[in-house]
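Undergrad: Numbering (the numbering used here), first residue to last: 0 to 334.
For every residue, glycine included, the Cβ atom is placed at its ideal position computed from N, Cα and C.
(1) Where do the N-terminal and C-terminal ends of the beta strand (DSSP E) with residue 132 fall, by residue?
(2) Please confirm whether residue 101 and residue 156 have their CB atoms less than 8 Å apart.
(3) Among all the DSSP beta bridges, which residues are the ones paired with residue 24?
(4) When you compare the CB positions of residue 38 and residue 88, do they come within less than 8 Å of one another, or not?
(5) If I measure Cβ to Cβ from residue 322 and keep anything under 7 Å in the same chain, skipping five residues before and after, which residues do I get?
(6) Using only the alpha-carbon positions, how far apart do residue 0 and residue 279 sit?
(7) To which residues does DSSP link residue 196 through a beta bridge?
(8) Roughly how many angstroms lie between the CA atoms of residue 252 and residue 149, to the nearest whole one?
(9) Could you check whether residue 229 and residue 300 sit closer than 8 Å to each other, using their CB atoms as the reference points?
(10) Using alpha carbons as the reference points, say which of 163, 27, 295 lies closest to residue 133.
(11) Flag this pair as yes or no: are the beta carbons of residue 46 and residue 61 separated by less than 8 Å?
(12) Express the C-alpha separation of residue 277 and residue 122 in angstroms, rounding to a whole number.
(13) What's the C-alpha gap between residue 212 and residue 65?
(14) When the distance is taken between beta carbons, is residue 202 closer than 8 Å to residue 180?
(15) In whole angstroms, what is the alpha-carbon distance linking residue 318 and residue 69?
(16) Since residue 163 is in the beta strand (DSSP E), which residue starts that stretch and which ends it?
(17) Excluding the five sequence neighbours on either side, which residues of its own chain have a C-beta within less than 6 Å of the C-beta of residue 194, listed in chain order?
(18) Apart from the five residues just before and just after residue 335, which ones in its own chain have a Cβ nearer than 8 Å to its Cβ?
(19) Are the beta-carbon atoms belonging to residue 162 and residue 219 less than 8 Å from one another?
(20) Taking 7 Å as the limit between beta carbons, can you name the residues of its chain near residue 138, skipping five residues before and five after?
(21) Rounded C-beta distance between residue 206 and residue 169? I'm assuming under 8 Å.
(22) If you measure between the beta carbons of residue 24 and residue 99, is that distance less than 8 Å?
(23) Tell me whether residue 105 sits in a helix, a strand or coil according to DSSP, three-state version.
(24) For residue 389, which beta-bridge partners are listed by DSSP?
(25) Comparing C-alpha positions only, which one of 214, 247, 248, 243 sits nearest to residue 232?
(26) Would you report the Cα separation of residue 147 and residue 119, rounded to the nearest angstrom?
(27) DSSP state of residue 191, grouped into three classes?
(28) Quick one, are the C-beta atoms of residue 260 and residue 217 less than 8 Å apart?
(29) Taking the alpha carbon of residue 290 as the reference point, which residue from 85, 32, 223 has its own alpha carbon closest?
(30) With the cut-off set at 8 Å, would you say residue 51 and residue 93 are in Cβ contact?
(31) For the putative contact between residue 34 and residue 54, defined by C-beta atoms under 8 Å, what is the C-beta separation to the nearest angstrom?
(32) Quick check: residue 328 and residue 76, are their CB atoms within less than 8 Å of each other?
(33) Cβ of residue 125 within 8 Å of Cβ of residue 85?
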């Protein structure tokens, strides 16, 4: 959605909402792993950022994270300067952080009581027309809305970790969300380089996390049944379908997999096979014994230092985005 697509009917009851191009200041609530990543992305987009986190060490941690993320943001076309143009101001309280922001991204820990207290604190201080989005992955929009007097400006804006690299954001509103708020939220995210989808019906875990959970459930089942090691199952994904999934989703890939006839031919050809596999899928529980089995399996594979693994992961994500021609501002790939 571009700024020119906005019309008077898109405005919230509280007043005129800024178009994506007019959002100059973003407030971030929470400076943990997700908040740090959001900070880097919004600064790369030229926004000024006010951040609230009660931890006195948060400012040092966030600034260090932004500095570490900057080279990747430049490579992806998300940052165009050698250093942030906008300011990063760390505030002592949440009300001050949101006071002049046109968009607020909340990423505090997933405790419903904590989030509700925070919403009650910031709601009277919000700027006219400001939108508030929650990064929550395990809580539902309905649960979160209970912390608001007027939830019309509040939406779900769930990223995938790390948000400054992974383009996806899942956006959701419902019947209590103001007219045009979901569309404006998607427009803002897309203006800073994100790819959005709309979650149209509330389910635990939204969309992408449910897909991850379904796959991991079968990974755990295969480990528990002794079919393969943790390392070999991870390799089966990263050196197999994971490479294809970086290009397109499974339905499109199966459409291609049948050759002439496409998805209709694929369904006809492989229905019996998939029905048999689905009937045989496991239903494990992530209990203490299972968790220990997974941890031991990962250790046996020599998983190594977490910081080194994270750096390797980020470098591979950047390389994949670049290889796919999805760098912001790059010309579209030839058909």
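TA: Reading from the atomic positions:
(1) For the purposes of this step, residue 132 is taken as residue 133 along the chain shown, with counting starting at 1. Taken as a continuous stretch (DSSP letters only), the beta strand (DSSP E) holding residue 132 covers 130–133.
(2) Here residue 101 refers to the residue found at position 102 when the chain shown is read from its first residue. Here residue 156 refers to the residue found at position 157 when the chain shown is read from its first residue. Cβ atoms of residue 101 and residue 156: not closer than 8 Å.
(3) Reading the chain shown from its first residue, position 25 is the one you call residue 24. DSSP lists 47 as partners of residue 24.
(4) Here the question's residue 38 lines up with position 39 in the chain shown. Here the question's residue 88 lines up with position 89 in the chain shown. Not closer than 8 Å, so no.
(5) As a working mapping, residue 322 is identified with position 323 in the chain shown. Excluding sequence neighbours, residue 322 sits near nothing in its chain.
(6) Taking the first residue of the chain shown as position 1, residue 0 is located at position 1. Taking the first residue of the chain shown as position 1, residue 279 is located at position 280. With a pLDDT of 33 at residue 0, under the threshold of 50, the predicted position of this residue should be treated as unreliable, though the coordinate-derived value follows. Each residue's Cα considered, the two are about 43 Å apart.
(7) Mapped onto the chain shown, residue 196 falls at position 197. 169, per the DSSP bridge assignment.
(8) Against the chain shown, residue 252 aligns to sequence position 253. Against the chain shown, residue 149 aligns to sequence position 150. Taking the straight line from one Cα to the other gives about 43 Å.
(9) Here residue 300 refers to the residue found at position 301 when the chain shown is read from its first residue. Here residue 229 refers to the residue found at position 230 when the chain shown is read from its first residue. Yes; because the gap between Cβ atoms is below 8 Å, this pair is in contact.
(10) Position 134 of the chain shown, counted from the start, is the residue given in the question as residue 133. Nearest option by C-alpha distance: 27.
(11) Counting from 1 along the chain shown, the entry for residue 46 is found at position 47. Counting from 1 along the chain shown, the entry for residue 61 is found at position 62. Not in contact: residue 46 and residue 61 (Cβ atoms no closer than 8 Å).
(12) For the purposes of this step, residue 122 is taken as the residue at position 123 of the chain shown. For the purposes of this step, residue 277 is taken as the residue at position 278 of the chain shown. The straight-line gap from Cα to Cα measures roughly 47 Å.
(13) As a first step, residue 212 must be located in the chain shown, where it is residue number 213. As a first step, residue 65 must be located in the chain shown, where it is residue number 66. Near 30 Å, if we compare the C-alpha coordinates of residue 65 and residue 212.
(14) On the chain shown, position 181 is the one that residue 180 refers to. On the chain shown, position 203 is the one that residue 202 refers to. Taking 8 Å as the Cβ cut-off, residue 180 and residue 202 do not qualify as a contacting pair.
(15) As a working note, residue 318 is residue 319 in the chain shown. As a working note, residue 69 is residue 70 in the chain shown. The straight-line gap from Cα to Cα measures roughly 15 Å.
(16) Your numbering for residue 163 matches position 164 in the chain shown. Element bounds for residue 163: n/a, residue is neither H nor E.
(17) Within the chain shown, numbered from 1, the residue matching residue 194 stands at position 195. Only 166, 167 meet the Cβ criterion.
(18) What is shown of the chain runs 0 to 334, which leaves residue 335 out entirely.
(19) As a first step, residue 162 must be located in the chain shown, where it is residue number 163. As a first step, residue 219 must be located in the chain shown, where it is residue number 220. Cβ atoms of residue 162 and residue 219: not closer than 8 Å.
(20) By 1-based counting over the chain shown, the position of residue 138 is 139. Around residue 138: 109, 111.
(21) Here the question's residue 206 lines up with position 207 in the chain shown. Here the question's residue 169 lines up with position 170 in the chain shown. Right, the Cβ-Cβ distance comes to about 6 Å (below 8 Å), so this counts as a contact.
(22) On the chain shown, residue 24 is found 25 positions in, with the first residue counted as 1. On the chain shown, residue 99 is found 100 positions in, with the first residue counted as 1. Their beta carbons are under 8 Å apart, which means residue 24 touches residue 99 by this criterion.
(23) Position 106 of the chain shown, counted from the first residue, corresponds to residue 105. Looking at residue 105 - three-state DSSP - the assignment turns out to be strand.
(24) The requested residue 389 is not part of the displayed model; the chain covers only 0 to 334.
(25) On the chain shown, position 233 is the one that residue 232 refers to. Looking at the Cα atoms, 214 is the closest of the given residues.
(26) Translated into positions along the chain shown, residue 147 becomes position 148. Translated into positions along the chain shown, residue 119 becomes position 120. Roughly 6 Å separates the two Cα atoms.
(27) Here residue 191 refers to the residue found at position 192 of the chain shown. Residue 191 falls in the coil class under three-state DSSP.
(28) Locating residue 260 in the chain shown gives position 261, where the first residue counts as 1. Locating residue 217 in the chain shown gives position 218, where the first residue counts as 1. Going by C-beta atoms, residue 260 is not nearer than 8 Å to residue 217.
(29) Sequence index remark: in the chain shown, residue 290 carries index 291 (1-based). Ranking 85, 32, 223 by Cα distance to residue 290 puts 223 first.
(30) In the chain shown, counting from the first residue as 1, residue 51 sits at position 52. In the chain shown, counting from the first residue as 1, residue 93 sits at position 94. Result yes, Cβ atoms of residue 51 and residue 93 sit closer than 8 Å.
(31) Walking along the chain shown from the start, residue 34 turns up at place 35. Walking along the chain shown from the start, residue 54 turns up at place 55. The Cβ separation is near 11 Å, so there is no contact.
(32) Numbered from its first residue, the chain shown carries residue 328 at position 329. Numbered from its first residue, the chain shown carries residue 76 at position 77. Cβ distance < 8 Å, so residue 328 and residue 76 count as in contact.
(33) The count along the chain shown starts at 1 and reaches residue 125 at position 126. The count along the chain shown starts at 1 and reaches residue 85 at position 86. Their beta carbons are not under 8 Å apart, which means residue 125 does not touch residue 85 by this criterion.
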